[in-house]
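Structure, as structure tokens:
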Amino acid sequence: MNERMTSLGETLLAGDVEAIKRLTEEALSAGTTPQAILEKGLRPAMESLGERFSRGEAFLPELLVAAETMKASMEVMQPAIVRGGVAPKATMLLGTVEGDIHDIGKNLVKMMFEGAGFKVIDLDINVKAARFLEAYHKERPDLVGLSSLLTTTIGEMEKVIQTIREFDPEAKFIVGGAPVTQAFADRIGANGYAPDAGKAVKVGNRIIGRS
Ligand code: B12
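Position 45 (the sequence shown) corresponds to 204 in my numbering; numbering is contiguous.
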């Protein structure tokens, strides 16, 4: 079991899509739950890569390759997950704010949260505050993640927070993107900020009171 988990993690980091599909199928056939594959195999590997990325020891292409590989494993597990193998830990609504079309960082954040067992509803890019509110209303997520890469659009984050809090004063927000700082996040009333995808899950878990 441990050996299997180690090789899943190593294969994720090696970015071998075919091998991860095969290993995931083998693990499922051997009776390993998707939860265990995620928590004991994929997530530790992804977290260690996230930490190396935070320290500047790993780079964007490695993260993107690992993300694709993780996606392949998740696709194999999807039927088992749908059957109830993994109860999502929490739900997150995520999007890049209106006026901004950057999505590479957001997609990495999504992938890290999915790796940690969150169900992520991705509203994509250039998302209006009204659209965030509509989705919030429908999905009642535990956490809302806002991304912005432009100094001209980070103000939109405050608009989204205010719009949703009018509907639910308890709504929880995590914000990020290159021009965003902790001071800015505090000023606009976000519950947390993370400088990169590697640290985002820890902050997100803290915000919603889970570990
Ligand atoms: C790639 C890129 C593009 C691509 C985007 C492709 C895509 N699919 O995303 C394209 C070419 C389309 C593009 C367009 C533009 N871009 Co551009 N772009 C970049 C570039 C080079 C890299 C961004 C990136 O992907 N970084 C890698 C990812 C992994 O990092 P990241 O996005 O910062 O995300 C990490 C963290 O910020 C954090 N994070 C991000 N989101 C979130 C969310 C949450 C909730 C959390 C917790 C964390 C978090 O975690 C991520 C992962 O670790 C940056 C320069 C730079 N070095 O940042 C300029 C940059 C962001 N772009 C810039 C500009 C000006 C533009 C344009 C306006 C250019 C133009 N004149 O048309 C347009 C914008 C159009 C629009 N309306 O949005 C400027 C912004 C300047 C500013 N201060 O506002 C930058 C800084 C370049 C520069 N130095 O001038 N761009």
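From the three backbone atoms N, C-alpha and C, an ideal C-beta is built for every residue, glycine too.
For Asn161, count neighbouring Cβ atoms within 10 angstroms of its own Cβ and tell me buried if that reaches 16, exposed if not.
Indexing the sequence shown from 1 puts residue 161 at position 2. Exposed, by the Cβ-count rule.
Answer yes or no: do Leu308 and Pro338 have a C-beta to C-beta separation smaller than 8 Å?
Locating residue 308 in the sequence shown gives position 149, counting from the first residue. Locating residue 338 in the sequence shown gives position 179, counting from the first residue. Going by C-beta atoms, Leu308 is nearer than 8 Å to Pro338.
Out of Ala186, Val176, Lys180 and Ala225, which has the shortest C-alpha to C-alpha gap to Gly357?
Taking the sequence shown and counting its residues from 1, one reaches residue 357 at position 198. Among Ala186, Val176, Lys180 and Ala225, the Cα nearest to that of Gly357 belongs to Ala225.
When the Cα atoms are used, what is the spatial distance from Gly348 to Thr340?
Here residue 348 corresponds to residue number 189 of the sequence shown, with the count starting at 1. Here residue 340 corresponds to residue number 181 of the sequence shown, with the count starting at 1. When rounded, the distance between both Cα atoms is 12 Å.
What are the start and end residues of the beta strand (DSSP E) that includes Gly304?
Along the sequence shown, one-based indexing puts residue 304 at 145. From DSSP, the beta strand (DSSP E) with Gly304 extends over Leu302 to Ser306.
Among the residues of its own chain, which have a CB less than 7 Å from the CB of Glu221, if the five just before and after it don't count?
The residue labelled residue 221 in the question sits at position 62 within the sequence shown. Result list for Glu221: Leu208, in chain order.
Restricting to Cα atoms, I'd like to know which of Gly264, Met270 and Ile366 is closest to Gly336.
Within the sequence shown, numbered from 1, the residue matching residue 336 stands at position 177. Closest by alpha carbon: Gly264.
Between Met229 and Met164, is the Cβ-Cβ spacing less than 8 Å?
Along the sequence shown, read from residue 1 onward, the residue named residue 229 stands at position 70. Along the sequence shown, read from residue 1 onward, the residue named residue 164 stands at position 5. Contact: no.
In the DSSP assignment, the beta strand (DSSP E) including Ile377 goes from what residue to what residue?
Residue 377 is absent from the structure shown; the chain starts at 160 and stops at 370.
Cβ atoms of Leu201 and Leu171: under 8 Å apart, would you say?
In the sequence shown, the residue the question calls residue 171 occupies position 12. In the sequence shown, the residue the question calls residue 201 occupies position 42. Yes, they are a contact pair.
My output table needs one value for Gly276: the three-state DSSP class, helix, strand or coil.
Here residue 276 is taken as the residue at index 117 of the sequence shown, counted from 1. Note: Gly276 maps to coil in three-state DSSP.
Helix or strand or just coil, what does DSSP make of Leu222?
Position 63 of the sequence shown, counted from the first residue, corresponds to residue 222. DSSP places Leu222 in helix when its eight states are reduced to three.
Is Val268 near the ligand B12 - that is, is its Cβ less than 7 Å away from at least one heavy atom of it?
Taking the sequence shown and counting its residues from 1, one reaches residue 268 at position 109. Yes.
Might you give, ordered along the chain, the residues of its own chain that have their beta carbon closer than 8 Å to the beta carbon of Ala289, omitting 5 neighbours on each side?
Start at 1 with the first residue of the sequence shown, and residue 289 comes out as number 130. Once the five neighbours on either side are set aside, the close Cβ partners of Ala289 are Thr322.
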